[in-house]
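Taking my numbering, the leading residue of the sequence shown gets 44, the next gets one more, and so forth.
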Amino acid sequence: MFKNLKLAFYGLFCIIILQACIVFRFFGFKFWLLIFEISAIFLSALLLKFIYNKTEIIYQEREDIAKRFFNDCMHELKTPLGVAMINIEMLQIHNKYTHRIKSALKQMKLTYEDVEYFIKNRHINFKAKRMNISKFLNDRIKFSHIMANVKNIKISSRIKPDLEIFISEIELTRLIDNTINNAIKYTNENGKIEISLTNDENFAKFCVKDNGIGIKDTKKIWKRYERENLSSGGFGLGLAIVKNICDKYKIKKNVISNFGAGSTFIYEIPLFKEKFLDKFENDNQLFGKA
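Given below as structure tokens:
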């Protein structure tokens, strides 16, 4: 309350000085006019600084509350989600009902990991490393099969072996999972998805092609909280996360889409190239072990 009174006092004082300036200008008191104009500018600057500081404090407090809320929510979700996934596997029951439960749990896990990454990415630097994208992509395709099978979607793949890139495992997971999951989400039942990994001299080319509903605006989909179809669920974080990862690692991205006929997502990821110092360090490590 006292802070609001202080703010009102500053505002009232500035108005009085400005009115005095008008009076002095009318009667020709130039010296006093100059003094009051300087005072008005000074007090206006103080007023603006006070408003800015007050706003910044409020914003920071609300951001801290939101951060604590999301962290608490993520912690509360992680344990029951993990328990559910482990126990459904332990049941060893295989029918259409358990299959749907597994698919729903995996979808929840993907959403959880997207939100977790979105929160942590602001203050954690995920360490990049040399990764075999060929092997990793095959593993992620296996993970996605359960969700695709619920809609009877056939996933075919053509993966060139032993291609290596330099990226963090968490961010590569988000890029691959979000792209494949997006294709599954917007492909109708009995559809098909084709996944390929090829290369040229400098890039690994990762493509996901579907025969789904297509995209109206291929530029809009990379924006945060944007969703092509609201009925498909999700927060609209997935492709925004993918865009940030692409920008971070200088990955070229492109989308070719025919509305009503399907879409193709294409990523050109720089191949890992061992530098001279890396080779020298590896040779030293081998020599030390010998």
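For every residue, glycine included, the Cβ atom is placed at its ideal position computed from N, Cα and C.
- Within the segment 280-324, the runs of alpha helix (DSSP H) at least 4 residues long that lie entirely inside it are, in chain order, 281-292.
- The shortest CA-to-CA distance from G257 to any of K291, G305, I213 is the one to G305.
- Close CB contacts of R201 within its chain, under the 6 Å cut and outside five residues either way in sequence, are with S239 (chain order).
- Annotated three-state conformation of F161 is helix, per DSSP.
- With respect to the C-alpha of M133, the residue from K286, T122, K145 having the closest C-alpha is K145.
- In this chain, the beta strand (DSSP E) harbouring K197 covers 197-202.
- The beta carbon of E214 sits closer than 6 Å to those of F169, I288, all from its chain and outside the five residues before and after it, given in chain order.
- In the three-state scheme derived from DSSP, where H, G and I count as helix and E and B as strand, S187 is classed as helix.
- Membership of E207 in any alpha helix (DSSP H) is not indicated; the residue belongs instead to the beta strand (DSSP E) covering 207-210.
- In this structure the segment 133-142 does not touch the segment 152-166; the number of beta carbon pairs closer than 8 Å is below three.
- Using a 10 angstroms sphere on the CB of V251, the tally of other CB atoms reaches 16 or more, which defines it as buried.
- For the options M151, I223, K163, the alpha carbon positioned closest to that of R111 is the one of K163.
- Rounded to the nearest whole angstrom, the C-alpha separation of G125 and K92 is 49 Å.
- Rounded to the nearest whole angstrom, the CA to CA distance from I227 to E104 is 40 Å.
- Between the C-alpha atoms of K149 and M190 there is a straight-line separation of about 7 Å.
- Note on geometry: alpha-carbon atoms of N181 and R217 lie some 15 Å from one another.
- Annotation: K291 to F246 spans about 16 Å, alpha carbon to alpha carbon.
- Comparing C-alpha distances from I196 to each of A147, N233, V285 shows the shortest one belongs to N233.
- By alpha-carbon distance to N175, the top candidate from M151, F209, R165, E311 is F209.
- Beta-carbon to beta-carbon, I184 and I198 are separated by about 6 Å, close enough to satisfy the 8 Å threshold.
- Boundaries of the beta strand (DSSP E) harbouring T241: 235-242, taken from the DSSP string.
- A residue is called buried once 16 or more other Cβ atoms fall within 10 Å of its Cβ, and N224 is buried on that count.
- The straight-line gap separating the alpha-carbon atoms of V193 and G255 is approximately 15 Å.
- The alpha-carbon separation between T98 and I294 amounts to approximately 38 Å.
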